[in-house]
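Residue numbers (our numbering): 34 to 286. Glycine residues also receive a C-beta, built at the ideal position from the N, C-alpha and C atoms. Notes follow the structure.
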């Protein structure tokens, strides 16, 4: 019997993509793996084991609760125990290596670049302030966003991506878009040419749908996505398979 899992995520609304690309990735993996024994719970970053989301709490029927942090290690742990299907089980070693490379590119370079455009550019940040759900009184929102913006921009500077010019950050995003389109053109429905989606499809789709929901908060990246019909088709295909409840037609305008 599979344990029940509490998936800890930022504040959320039903039928809308997660505010976090990593949380969206994990839930999408769950759905592709056919894992349904989980529920979402809104949680603050400060209460997370690694001070970031997502993390999970595993509730065993006859045992103690267990917490695991980081989407990569959550998937790795659950699949190794047999609690979660390994959707990459049929991949060759070469395909697994390529999948991992694209996942790391997406999570560790593309996403920080996109986040940089959200928080470091004034026009985009104005949109972010309107879209992010914060569990604080209205009169405190300005102060909280001031602190958040300073912390995010400083973290991006430390990581390196915040030191680039706007043009350089845009080029990092465009390189990723071109590479993903190239893989889809060569592979067909899914990036590795497989019959069913693998981890790289889940990851790429999750971070794209997160950006499309943020919309004008990352206007440059959204424009790059919408200009490529093959990516638009990929978004629609993934949405129909994993989250048919999302109003994708609105996000793709």
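Other residues of its chain near residue i: CB distance less than 8 Å, five sequence neighbours each side excluded
i           : result
residue 169 : 177
residue 40  : 56, 59, 60, 63, 71, 72, 73, 74, 87 and 89
residue 124 : 132, 225, 227 and 231
residue 53  : 42, 43, 86, 87 and 243
Neighbourhood of residue i by C-beta distance below 6 Å, restricted to the same chain and skipping five residues each side
i           : result
residue 194 : 145, 146 and 149
residue 279 : 272
residue 68  : 117
residue 93  : 36
residue 242 : 50
Whole-Å CB distance - residue i paired with residue j, under 8 Å assumed
i           : j           : result
residue 235 : residue 65  : 6 Å
residue 261 : residue 199 : Wrong, their Cβ atoms sit about 21 Å apart, outside the cutoff.
Test item: CB-CB of residue i and residue j under 8 Å
i           : j           : result
residue 161 : residue 250 : yes
residue 91  : residue 38  : yes
residue 266 : residue 255 : no
residue 217 : residue 259 : no
residue 142 : residue 245 : no
residue 132 : residue 119 : no
residue 213 : residue 237 : yes
residue 138 : residue 209 : yes
residue 158 : residue 182 : yes
residue 281 : residue 269 : yes
residue 103 : residue 83  : yes
residue 186 : residue 152 : yes
The beta strand (DSSP E) enclosing residue i, as first and last residue numbers
i          : result
residue 73 : 71-75
Identity of the residues DSSP links to residue i by a beta bridge
i           : result
residue 105 : Residue 105 pairs with nothing; no bridge assigned.
residue 42  : 75
residue 37  : 92
residue 100 : 90
Close Cβ partners of residue i (< 7 Å) along its chain, the five nearest in sequence each way excluded
i          : result
residue 3  : Nothing can be reported for residue 3: it is not among the residues displayed for the chain, which extend from 34 to 286.
residue 78 : 84, 85 and 86
Continuous alpha helix (DSSP H) stretch holding residue i: start and end
i           : result
residue 259 : 252-259
residue 53  : Unbroken run through residue 53: none, as it is neither H nor E.
residue 266 : 262-275
residue 181 : 174-192
residue 80  : Looking at the DSSP string, residue 80 is not in any alpha helix (DSSP H), and its letter there is neither H nor E.
residue 199 : 199-220
residue 247 : 232-247
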